[in-house]
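Protein chains: 2
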Amino acid sequence: MPTTDGSDTGGTARHMRADARRNQEKLLAAAAEVFVGSGVDAPIRQIAARAGVGMGTIYRHFPTRSDLVVAVFRHQIEECAEAGLRLLSEAGSPFTALQRWIDLFVDLLVTKHGLAQALQSDNSRFAPLHAYFLDRLQPVATRLLDAAAEAGEIRPGIHPYELLRGIGNLCIGHDDDPRYDPRRLITLLLQGLRRP
Amino acid sequence: MPTTDGSDTGGTARHMRADARRNQEKLLAAAAEVFVGSGVDAPIRQIAARAGVGMGTIYRHFPTRSDLVVAVFRHQIEECAEAGLRLLSEAGSPFTALQRWIDLFVDLLVTKHGLAQALQSDNSRFAPLHAYFLDRLQPVATRLLDAAAEAGEIRPGIHPYELLRGIGNLCIGHDDDPRYDPRRLITLLLQGLRRP
DNA sequence: TTAGCAAGCGGAGTATCGTTCCGCATCGGT
DNA sequence: ACCGATGCGGAACGATACTCCGCTTGCTAA
Chain A
1 MPTTDGSDTG
11 GTARHMRADA
21 RRNQEKLLAA
31 AAEVFVGSGV
41 DAPIRQIAAR
51 AGVGMGTIYR
61 HFPTRSDLVV
71 AVFRHQIEEC
81 AEAGLRLLSE
91 AGSPFTALQR
101 WIDLFVDLLV
111 TKHGLAQALQ
121 SDNSRFAPLH
131 AYFLDRLQPV
141 ATRLLDAAAE
151 AGEIRPGIHP
161 YELLRGIGNL
171 CIGHDDDPRY
181 DPRRLITLLL
191 QGLRRP
Chain B
197 MPTTDGSDTG
207 GTARHMRADA
217 RRNQEKLLAA
227 AAEVFVGSGV
237 DAPIRQIAAR
247 AGVGMGTIYR
257 HFPTRSDLVV
267 AVFRHQIEEC
277 AEAGLRLLSE
287 AGSPFTALQR
297 WIDLFVDLLV
307 TKHGLAQALQ
317 SDNSRFAPLH
327 AYFLDRLQPV
337 ATRLLDAAAE
347 AGEIRPGIHP
357 YELLRGIGNL
367 CIGHDDDPRY
377 DPRRLITLLL
387 QGLRRP
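Those protein sequence lines, which keep their order, are chains A and B. Read in this note's numbering, the first sequence has 126 at position 126, and its numbers run on one by one without any break. Read in this note's numbering, the second sequence has 325 at position 129, and its numbers run on one by one without any break.
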């Protein structure tokens, strides 16, 4: 039983009134725009205004802010997860696959302003987002790490969850500070992961 | 010219009315208590109430939340900075000194709930805290890294700022998730820093 | 000792944001 | 065309950050 129960705002439901469906799409588009401009912490009112709908509407379709964020980024998260499995069979070695996949993962986090920040927020507002990320990406990370460990390329015993979370943390705040490039540190981290 | 201009709330000013000084001390004590219980994001009102003063008073003494946090943790930050230089002359090798110092640094961050989080907050509320941390600790990190690089123990070219910030990031959220232990990742990071 | 004034105090006031709630409009089947 | 269910909008409420100004209090000079 997955922790995301799939019953709700993910895929547009089959039997939905036309206006409701229209509004949901308007909201997704508006949210995507606003997130780019003001980060995932942008005021709800701003998103509602941009979409031209009332506040009630936004809360009906996306009860929590997380639900909205998940809906907006679902495609990219899905792609990232699939790319991981593909890389495992295509790349030269499991470690190379791991490196490349983490690169994609970092892309996902740094491209969307504040997404990494949101993921780690101690504030529980983003719990569902956190859960969805984990549901989709942790299994991929596990497979990549296991493969690299079996091939003897990295030391065993790394916790996939911890690695994902750590990388997520490292990506926080990269966009308001040119001196800070998380990729350099992540490279170091992967270096430390290698078997001597 | 340091970025902390030293003219204000740091050390209690010399010529201050007795009641003002009393209030400042009450505020520092109250803030320290509240931070432990509710994290550094606790409502200002709560701190003011605990200290038995009005909101105007708290804003007069500590114009931003950062100023208050800095004042509360100044001692510990100072100690951490001094310990770094001491370790450099006492520890067996520069790399050992670096390892131990980073351990102290992590202690500082994880002991105080939400301190790491506050340091990286994209919210500009904590800018002065960030500045003070850097002013005091970055020079220490630089000396430790330089010494280890000269001794050939680590690869050169690491940015001290980036390392500090990265470690700070890694420490975010450790206290609401038993599965996540930043120290393991930081060990890995240091491992990756070592010269092959 | 005391008078006067600057330094300091308190908290009501203003603004922003999240979230709820319910009267009203709209859709879609009959 | 009608009508019930579904969905909509935004006013209203509570929480919080931060400001502002009339009043109080400590300090000092006479």
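Ideal Cβ positions, reconstructed from N, Cα and C, are used throughout, including at glycine. Quick caveat: nothing in here was measured; it's all calculated off a predicted structure.
- Taken in chain order, the complete alpha helix (DSSP H) segments of 4 residues or longer contained in the segment 269-338 of chain B are 290-307, 311-316.
- Contact with chain A is found for Leu381 of chain B, since one of that chain's Cβ atoms lies less than 8 Å from the residue's Cβ.
- Among the residues facing chain B, Ile172 of chain A is included, as its CB has a counterpart in that chain under 8 Å away.
- A direct Cα-Cα distance of roughly 10 Å separates Met251 of chain B from Gln242 of chain B.
- Rounded to the nearest whole angstrom, the CA to CA distance from Lys222 of chain B to Leu119 of chain A is 36 Å.
- Under DSSP, the beta-bridge partners assigned to Arg194 of chain A are A:Ile154.
- In this structure, B:Arg270 is the residue among B:Arg270, B:Ser234, B:Arg256 with its C-alpha nearest to the C-alpha of Ala327 of chain B.
- Around Asn365 of chain B, the same chain offers Gln316 as residues with beta carbons nearer than 6 Å, after the five sequence neighbours per side are excluded.
- Selection A:Val36, A:Arg195, A:Thr64, A:Ala116 evaluated against Pro156 of chain A yields A:Arg195 as nearest (Cα-Cα).
- Only residues of its own chain outside the window of five on either side were considered, and among them Pro94, Phe95, Leu98, Ile154 have a CB closer than 6 Å to the CB of Ala148 of chain A, listed in chain order.
- DSSP places Tyr59 of chain A inside the alpha helix (DSSP H), whose first and last residues are 55-61.
- Around Leu340 of chain B, the same chain offers Gly280, Leu284, Pro290, Ala293, Leu294, Trp297 as residues with beta carbons nearer than 7 Å, after the five sequence neighbours per side are excluded.
- The beta carbon of Thr253 of chain B sits closer than 6 Å to the beta carbons of Asn219 from its chain, once the five residues preceding and following it are set aside; these are given in chain order.
- Considering only beta carbons, no part of the segment 324-335 of chain B lies closer than 8 Å to chain A.
- Here the C-alpha atom of Ala267 of chain B lies approximately 10 Å from the C-alpha atom of Ile273 of chain B.
- Secondary structure note for Arg165 of chain A: its alpha helix (DSSP H) is the uninterrupted segment 160-170.
- Per DSSP, Arg241 of chain B is one residue of the alpha helix (DSSP H) stretching across 240-247.
- By the rule that beta-carbons nearer than 8 Å mark a contact, Leu145 of chain A does not touch chain B.
- Arg217 of chain B: member of the alpha helix (DSSP H) spanning 214-234, first to last residue.
- Look at Thr383 of chain B here: in three-state DSSP terms it is helix.
- Proximity of Asp215 of chain B to chain A, defined by a Cβ-Cβ separation below 8 Å, is not satisfied.
- When the five nearest sequence neighbours on each side are left out, the beta carbons in the same chain lying within less than 6 Å of the beta carbon of Ala31 of chain A are those of Ile47, Leu68, Val72, in order along the chain.
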